[in-house]
Amino acid sequence: MSKIKRTLYFATAIIVLFLLILVWFLNSNYSVLNISDIKMMIEDNKSPAITIPTTKEQYFNKWQCFNVKSIEIAEAEIDHNGKQIVPYIQVRLNKRSFQFNVDPVIHRGDQKVILNKWEKLIHNQKDICIFGAYLQRDPDGTSVWYISKIKTKAGYWDFAD
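Below, the structure written as structure tokens:
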């Protein structure tokens, strides 16, 4: 077999493998996400979403998808430069717990508007995908993330809007 044929076979195998992984990823993410969501994630991850100044740790946004039955939409009062109310999504899966918060540093919107939009997005939906960056693990084991985007088959919410 010539070197060119081996190279073509190898390139074809890599492309097929990439496509199989992409199809698996999209199927395992409840078919809510599509190729443009993956492209957006790749573009977004050219720079970190969160950098911790004291440790220089960097965290990147990623999609995570859940069954709507496993989530609770709520609001929390936090103490960040004074008391603030911020919307969040709590996810409970078996023994794991996630909390997806709106970043209180850049949160400027009306939390009631955000909560209403989120409720409309999950109404009569089976699945939700959340695009966010890891922040920390709370003492109770809850994994805390900052939300950037939310997507269901009913629509899309973007923190930037």
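Residue numbers (the numbering used here): 3 to 163. Idealized CB from N, CA, C, for every residue including glycine.
Glutamine 92 and glutamate 77 - do their beta-carbons sit closer together than 7 Å?
no
Can you tell which of Lys128, Lys58, Ser49, Arg98 has the C-alpha that lies nearest to the C-alpha of lysine 153?
Lys128
In angstroms with no decimal places, state the Cα-to-Cα distance between lysine 5 and alanine 13.
12 Å
Out of curiosity, what's the CA-to-CA distance linking serine 33 and leucine 117?
24 Å
Using a Cβ-Cβ cutoff of less than 7 Å, which residues in the same chain neighbour serine 72 once the five nearest sequence positions on both sides are dropped?
Val93, Arg94, Leu95
Going by the DSSP bridge assignment, what does isoleucine 75 pair with across the sheet?
Ile91
Please list, in chain order, all residues of the same chain as methionine 43 whose beta carbon is under 8 Å from its beta carbon, the five residues on each side excluded.
Asn63, Lys64, Trp65, Phe133
Consult DSSP for phenylalanine 20 and reduce its assignment to one of helix, strand or coil.
helix
For the alpha helix (DSSP H) containing isoleucine 116, list its first residue and its last residue.
113-124
Rounded to whole angstroms, what's the CA-CA distance from valine 18 to tyrosine 11? Just pull it up for me.
10 Å
Beta carbon of proline 106, beta carbon of glutamine 86: below 7 Å?
yes
Take serine 99 as the anchor and find which of Arg139, Trp120, Asn47 has the nearest alpha-carbon.
Arg139
Determine the DSSP secondary structure at lysine 85, reduced to helix, strand or coil.
strand
Quickly, what does DSSP pair tyrosine 136 with across the bridge? List them, please.
Answer is Trp147.
Whose C-alpha, out of Phe161, Gly157, Asp163, Ala162, is nearest the C-alpha of asparagine 36?
Gly157
Distance, Cα to Cα, valine 104 vs glutamate 79?
12 Å
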